[in-house]
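Take the sequence shown: its letters are residues 31 to 117, numbered as in our numbering.
The C-beta atom is built at its ideal place from N, Cα and C for all residues, glycine as well.
A quick note: this is a predicted structure, and the numbers were derived from the prediction, not measured.
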Amino acid sequence: MYMKLIWEIFWLFTRVAIFSWGGGPASLALMQREVVTAGWTTNEEFADAVAVGNALPGPIAPQVSAYVGYKLAGIWGAVSAAVGTTV
């Protein structure tokens, strides 16, 4: 079950990275729709993830995806989400 969740996290964020155009900030709307539709987070929790991502240096899309992945499945969820976003 845990590995299935890791793969689901990876594929969701890979799809977001493939179908979004315009870089990290442009992908946030699609990312939000996907994770909220999947029931992984709420709009308020996603807004908190974006706030944390804005506070950190570096690209925002992998940071927000890693935050959501960590919330779902710990460190391996964060790794799979960040890798899926950057592939």
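| query | By the 10 Å Cβ neighbour count, where 16 or more other Cβ atoms means buried, how is methionine 61 classified, buried or exposed? | reply | For the purposes of this step, residue 61 is taken as the residue at position 31 of the sequence shown. It counts as buried.
| query | Roughly how many angstroms separate the alpha carbons of alanine 111 and glycine 69, rounded to a whole number? | reply | Here residue 111 refers to the residue found at position 81 when the sequence shown is read from its first residue. Here residue 69 refers to the residue found at position 39 when the sequence shown is read from its first residue. Rounded to whole angstroms, alanine 111 to glycine 69 spans 16 Å at the Cα level.
| field | Distance between glycine 107 and lysine 90 (C-alpha atoms, nearest Å) | value | One-based indexing of the sequence shown puts residue 90 at position 60. One-based indexing of the sequence shown puts residue 107 at position 77. Reading off the sequence shown, one finds isoleucine at residue 90, where the question assumed lysine. Spanning the two alpha carbons is a distance of roughly 17 Å.
| Which whole-angstrom value is the C-beta distance of alanine 5 and isoleucine 36, which I expect to be below 8 Å? | Past the edges of the chain, shown from 31 to 117, lies residue 5, and the structure says nothing about it.
| said: For tyrosine 97 and leucine 58, what's the separation of their Cα atoms in angstroms? | reply: Indexing the sequence shown from 1 puts residue 97 at position 67. Indexing the sequence shown from 1 puts residue 58 at position 28. Their backbone Cα atoms lie some 13 Å apart in a straight line.
| query | CA-CA distance, valine 80 and valine 94? | reply | On the sequence shown, position 50 is the one that residue 80 refers to. On the sequence shown, position 64 is the one that residue 94 refers to. Approximately 6 Å between the Cα atoms of the pair.
| task | Note down the Cα distance separating threonine 72 from glutamate 64, rounded to an integer number of angstroms. | result | Taking the sequence shown and counting its residues from 1, the one referred to as residue 72 is at position 42. Taking the sequence shown and counting its residues from 1, the one referred to as residue 64 is at position 34. In a straight line, the C-alpha of threonine 72 is about 11 Å away from that of glutamate 64.
| Are glutamate 75 and lysine 101 closer than 9 Å when you measure CB to CB? | For the purposes of this step, residue 75 is taken as the residue at position 45 of the sequence shown. For the purposes of this step, residue 101 is taken as the residue at position 71 of the sequence shown. Yes, Cβ-Cβ distance for glutamate 75 and lysine 101 is below 9 Å.
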